[in-house]
Amino acid sequence: MTANSTLGKDLTGLEHMTPEQIRLILDTAEPFKEVSERPIKKVPALRGKTIVNLFFEASTRTRISFEFAEKRLSADTVNVAATGSSVSKGETLVDTAKNLEAMRIDMVVIRHGSSGAAEFLGNRIASNVINAGDGKHEHPTQALLDLLTIRDKHGKIQGLKVCLVGDVLHSRVARSNIWGLSKLGAEVAVCGPWTLLPRGIEELGVKVFSRVEEAIEWADVLNVLRLQLERMEKGFIPSLREYYRVFGVTPERLERANREITIMHPGPMNRGVEIDSRVADGPHSVILDQVTNGVAVRMAVLYLLAGGRAELADAAKRGAGSSE
Amino acid sequence: MTQPILLQGGRVIDPGKDLDQAMDVLIQDGKIAAVGRGLGTPDGAIVRNMSGRIVTPGLVDLHVHLREPGNEDEETVASGARAAAAGGFTAICAMPNTDPVTDNQAAVGFIVRQSDRAGLARVHPVGAVSIGQKGERLAEFGEMVSAGAVAVSDDGKPVVSSHLMRTALEYARTFSIPVADHCEDPTLASGGVMHEGLVAARLGLKGIPAAAEEIMVARDVLLAELTGGHVHLCHMSTRGSVAIIREAKERGINVTAEVTPHHLTLTEYACEEYDTHAKMNPPLREAADVAALRGALQDGVIDCIASDHAPHAYDEKEAAFDDAPFGVVGLETAFAVAHTELVESGIFTLPELIRRMSTEPARVFRLGGGTLAAGSVADVSVFDCAAKWSVDPAAFHSKSRNTPFAGRALTGRAVLTIVAGSIVHEL
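Below you can see the structure in the form of structure tokens.
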């Protein structure tokens, strides 16, 4: 094992991770997939560990996925939903960090509306911090589960052409995907109206398509991003109707490519806006596989950050039957 | 009467007279009495051997935020004036975005009285352009000027209404004061927290495009041309602004401009790792902007350096980047940062730097000072330009510590500051 194969204290993003670290997480996730297929879905790997799921923003899928991952590893978990607080966010975050530290918890899974919030927390407490989405910055476990799903489907990531379609500007999923995919050797593109692409995006080493037809022509995999409805209210696009007509991923557009293109979506979907239902539910969609893989990837991240080693992933799996 | 002061044998730099020679400076009755060689010592004079030291007209800062009244825990007139003196400034201009806003003669008079009471660096009040800085109705420029205001500004905010800006420029002509504008198109800058560019794209932070500043710079230049008023452009940050000002000055429009030490030395990369001490408005921009700003300062397109000293409490900056306030302190690092980055590196000569930090700012706001001419007010600074020190925010005289230069090794330090013939700082 190489010296940089451990993950360090926190998982705040993929930008500063090495390809080896990312591969380690994906490889460690493999044995954990099977745990969720058992009648008794539990291994003792994190028994006695306490984990706080600190969600300053509403989340259903990510929070539940983390919670399942934690419970299937036998950790003790507490959920804190801090939405709707009238206290300014910064103050809440500092105080929360100090209070958590005082309670001697082992790990914090944080989602926060401000970019950099996970790093901010990680720099101030000794516990492991896992970023479950910070503002428009990163959502590393989402990108990891996307990578795992692509690898499952194609048997590799190196050399694949992956295009992120839609609201890249406001998307933490897009940023984490760009880093993760590039580090594992995929070719990465983004596609969307210029109002929803960050300035300077080309300098991150990605191709840019302003027409979805061109993206479809090019890509092996389309990862279709959620278009938040408030984007229209804020004037980034004129209407959802036009967005669907210009950027919607539809069967008609895909047919023209005349080859199989894998369809992904981080959810929750706006059917009939960024993606047509016939595509989302079609034969090449791996959208539900992404959800399934989410639990395994998060188990791997929790396990590795808690000090677990890659070799032990198998042992943890084998030990499960006798322990519960 | 204060004691006479004789500064013997320092390297005396007075850019206004192109003077740069080893000489004595004699101060009597609050005025510069004489500058020359081998001056005699009057009875009872304080004598300081200045050999190896640089003696200059006191530095002048056209742009500081003192938080009094309203947020005295962050800064007061007295603590700001103390920080200024320690940084080699003999005069600073306090922006009116206090709480309540300094938008009337009583509020202006309060700043003047607090400054007199402190007896440190002179604090010149800047009055608000509009009542409450709301951008609606003009404040009473005439009364504020008679109470001591040296300029008007809604700084912290731009003057959004072009009509109000036009009126302000015209009305300010009556009193021969500049209108200082914080150039920012609020609809373009809305929600932005750093420069719109590659670093913001990576960090997932909303950017403020260079055009947000440049649109207002262009508008202000056009309104200055229309009205003949004097517009002073605060804290310029982009190469595009430099180009607009250059062209305006070539056309003879009455425009002056300032740049901060941080915009002359740091780029958007200082925001990496979400360092809230690199969050200021306008934001730190790109290397090409820094190069253009340095060039503009050198050839006078930008007239002077101003610190935009903006104190904030520890708690406020100890937050996620989006949530932290804009602004950094600068009074105690401005000279050393500029000296280290511009003079030590060979880009500017020392007299050029003193011109941009003393002579020119004094001229731009018509403050007096900025000169060592006999008979002028004895505002004098002395620097040890060989002194090496490292920035320790805990040692600041300012009540706030929010600097992007913490730990930075700098060269050059104010060792003696004299205001109106009295020593207000000595190391």
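Heads up: the sequence lines are chains A and B, in that order. In the working numbering, each residue's number is its place in the first sequence (first place is 1) plus 20. Read in the working numbering, the second sequence has 189 at position 192, and its numbers run on one by one without any break. We put the beta carbon where it would ideally sit given N, CA and C, even for glycine. Model, not experiment: these values are computed from the prediction.
Residues of the segment 296 to 312 of chain B in Cβ contact with chain A at a cutoff of 8 Å, in chain order, please.
Asp312
Return the chain-ordered list of same chain residues with a C-beta closer than 7 Å to the C-beta of Asp300/B, the five sequence neighbours on each side being excluded.
Residue numbering aside, residue 300/B sits at position 303 when the second sequence is read from its first letter. The residues are Thr253, Ala254, Glu255, Glu357 and Val361.
Against chain B, does Ser105/A count as a neighbour if the rule is that its beta carbon must be under 9 Å from one of theirs?
Sequence index remark: in the first sequence, residue 105/A carries index 85 (1-based). The predicted position of Ser105/A is uncertain, since its pLDDT is 48 and thus under 50; no value can be drawn from it.
Quick one: does Arg282/B have its CB under 9 Å from some CB of chain A?
Position 285 of the second sequence, counted from the start, is the residue given in the question as residue 282/B. Cβ-Cβ to chain A under 9 Å: no for Arg282/B.
Cβ contact check for the segment 333 to 348 of chain B and the segment 270 to 279 of chain B: 3 or more pairs under 8 Å:
no
is_contact[Phe323/B, chain A] using C-beta, thresh 9 Å
For the purposes of this step, residue 323/B is taken as the residue at position 326 of the second sequence. No, Phe323/B does not count as interfacial toward chain A.
Are the CB atoms of Leu249/A and Leu347/A within a distance shorter than 9 Å?
Since the first residue of chain A shown is 21 and the last is 344, residue 347/A is not available in this structure.
Cβ neighbours of Gly225/B in the same chain (closer than 7 Å, five flanking residues each side left out):
For the purposes of this step, residue 225/B is identified with residue 228 of the second sequence, where counting begins at 1. Excluding positions up to five away in sequence, the list reads Arg170 and Asn251.
Considering only their Cβ atoms, is the gap separating Leu165/A from Gly314/A smaller than 9 Å?
On the first sequence, position 294 is the one that residue 314/A refers to. On the first sequence, position 145 is the one that residue 165/A refers to. Their beta carbons are under 9 Å apart, which means Gly314/A touches Leu165/A by this criterion.
Please give me, in chain order, every unbroken run of the beta strand (DSSP E) with length at least 3 that falls completely inside the segment 61 to 119 of chain B.
86 to 91
Given a cut-off of 9 Å on the beta-carbon distance, is the pair Ala154/B and Pro183/B in contact?
Locating residue 154/B in the second sequence gives position 157, counting from the first residue. Locating residue 183/B in the second sequence gives position 186, counting from the first residue. It is worth fixing the name first, because residue 154/B is Lys in this sequence and not Ala. It is a contact, given that the beta carbons lie within the stated cut-off.
Measure the C-alpha to C-alpha separation of Lys254/A and Leu117/B and round it to an integer number of angstroms.
If you number the first sequence from 1, residue 254/A lands on position 234. If you number the second sequence from 1, residue 117/B lands on position 120. Roughly 50 Å between the two C-alpha positions.
List the DSSP bridge partners of Val182/A.
Locating residue 182/A in the first sequence gives position 162, counting from the first residue. DSSP lists Val208/A and Val241/A as partners of Val182/A.
Quick one: complete beta strand (DSSP E) runs, 3+ long, within the segment 246 to 291 of chain B?
252 to 256
Short Cβ contact (9 Å threshold) for Lys5/A with Ile42/A:
No information on residue 5/A is available, as it lies outside the stretch 21 to 344 that chain A covers here.
Sequence-distant residues of the same chain with beta carbon closer than 8 Å to Asn46/B, five excluded per side
Here the question's residue 46/B lines up with position 49 in the second sequence. Once the five neighbours on either side are set aside, the close Cβ partners of Asn46/B are Gln5 and Gly6.
Chain-order list of residues whose beta-carbon lies under 6 Å from that of Ser106/A (same chain, five-residue window excluded):
Here the question's residue 106/A lines up with position 86 in the first sequence. With a pLDDT of 39 at Ser106/A, under the threshold of 50, the modelled position of that residue is not reliable, and the figure given next carries that caveat. No residues qualify anywhere along the chain.
For chain B, check one thing: does any of its Cβ atoms lie closer than 9 Å to the Cβ of Ile257/A?
In the first sequence, counting from the first residue as 1, residue 257/A sits at position 237. False, the Cβ-Cβ gap to chain B never drops below 9 Å.
In chain B, which residues lie with their C-beta within 8 Å of the C-beta of Ser135/A?
Taking the first residue of the first sequence as 1, we reach residue 135/A at position 115. Ordered by position in chain B, the residues that pass the 8 Å Cβ test against Ser135/A are Leu200, Gly201, Leu202, Tyr271, Ala317, Phe318 and Asp319.
My guess is that Ser234/B and Asp286/B are in contact by the Cβ rule of under 8 Å, so how many angstroms apart are they, rounded?
In the second sequence, residue 234/B corresponds to position 237, counting from 1. In the second sequence, residue 286/B corresponds to position 289, counting from 1. Rounded, the Cβ-Cβ distance is 6 Å, consistent with contact.
Determine the contact status of Ala215/B and Ile174/B, defining contact as a CB-CB distance below 9 Å.
Against the second sequence, residue 215/B aligns to sequence position 218. Against the second sequence, residue 174/B aligns to sequence position 177. Cβ atoms of Ala215/B and Ile174/B: not closer than 9 Å.
Consider the Cβ of Val63/A: report whether some Cβ of chain B lies at a distance smaller than 9 Å.
Your numbering for residue 63/A matches position 43 in the first sequence. Judged by the 9 Å Cβ criterion, Val63/A is not in contact with chain B.
Is the CB-CB distance between Ala31/B and Ile2/B below 9 Å?
Taking the second sequence and counting its residues from 1, the one referred to as residue 31/B is at position 34. Taking the second sequence and counting its residues from 1, the one referred to as residue 2/B is at position 5. Not a contact, by the Cβ cut-off of 9 Å.
Endpoints, alpha helix (DSSP H) assigned at Gly139/B:
Residue mapping note: residue 139/B aligns to position 142 of the second sequence, counting from 1. Residues Phe138 to Ala144.
Compute the Euclidean distance between the alpha carbons of Arg282/B and Ile344/B, then round it to the nearest angstrom.
Start at 1 with the first residue of the second sequence, and residue 282/B comes out as number 285. Start at 1 with the first residue of the second sequence, and residue 344/B comes out as number 347. Going by the C-alpha atoms only, they are around 20 Å apart.
Give, in chain order, every residue of the segment 180 to 198 of chain B whose Cβ lies closer than 7 Å to some Cβ of chain A.
Glu193, Gly194, Leu195 and Ala198
Reference Gly404/B; option with closest CA among Ser76/B, Ala392/B and Ile415/B
Position 407 of the second sequence holds residue 404/B. Of Ser76/B, Ala392/B and Ile415/B, the residue nearest in Cα terms is Ala392/B.
Shorter than 9 Å from the beta carbon of Val100/A to some beta carbon of chain B?
Within the first sequence, residue 100/A is the residue found at index 80, counting from 1. Chain B contact via Cβ: absent.
Please list, in chain order, all residues of the same chain as Val176/B whose beta carbon is under 8 Å from its beta carbon, the five residues on each side excluded.
One-based indexing of the second sequence puts residue 176/B at position 179. Once the five neighbours on either side are set aside, the close Cβ partners of Val176/B are Val126, Ala148, Val149, Ser150, Val156, Met162, Ala165, Leu166, Ala169, Gly226, His227, Val228 and His229.
Suppose you measure from the CA of Lys181/A to the CA of Glu222/A; what does that come to, to the nearest Å?
Taking the first residue of the first sequence as 1, we reach residue 181/A at position 161. Taking the first residue of the first sequence as 1, we reach residue 222/A at position 202. Going from the Cα of Lys181/A to the Cα of Glu222/A covers about 16 Å.
Looking only at its own chain, which residues have a Cβ that is under 6 Å from the Cβ of Leu413/B, when we skip the five neighbours before and after it?
Locating residue 413/B in the second sequence gives position 416, where the first residue counts as 1. Closer than 6 Å at Cβ, skipping near neighbours: Val379 and Glu423.
Reduced DSSP category for His190/A - H, G, I as helix; E, B as strand; rest coil:
For this step, residue 190/A is matched to residue 170 along the first sequence. Three-state result, His190/A: coil.
When you measure from the CB of His60/B to every non-hydrogen atom of the ligand SAH, does any distance come out below 8 Å?
Looking at this structure, you won't find the ligand SAH or any other ligand, since it has none at all.
Does any C-beta atom of chain A lie closer than 9 Å to the C-beta of Pro206/B?
Taking the second sequence and counting its residues from 1, the one referred to as residue 206/B is at position 209. It does; some Cβ of chain A falls within 9 Å.
Taking contact to mean 3 or more Cβ pairs, one atom from each stretch, closer than 8 Å, check whether the segment 149 to 168 of chain A and the segment 126 to 136 of chain A are in contact.
yes
Is there at least one Cβ from chain B nearer than 9 Å to Asp154/A's Cβ?
What you label residue 154/A is simply residue 134 of the first sequence in a count that begins at 1. By this cut-off, Asp154/A is an interface position.
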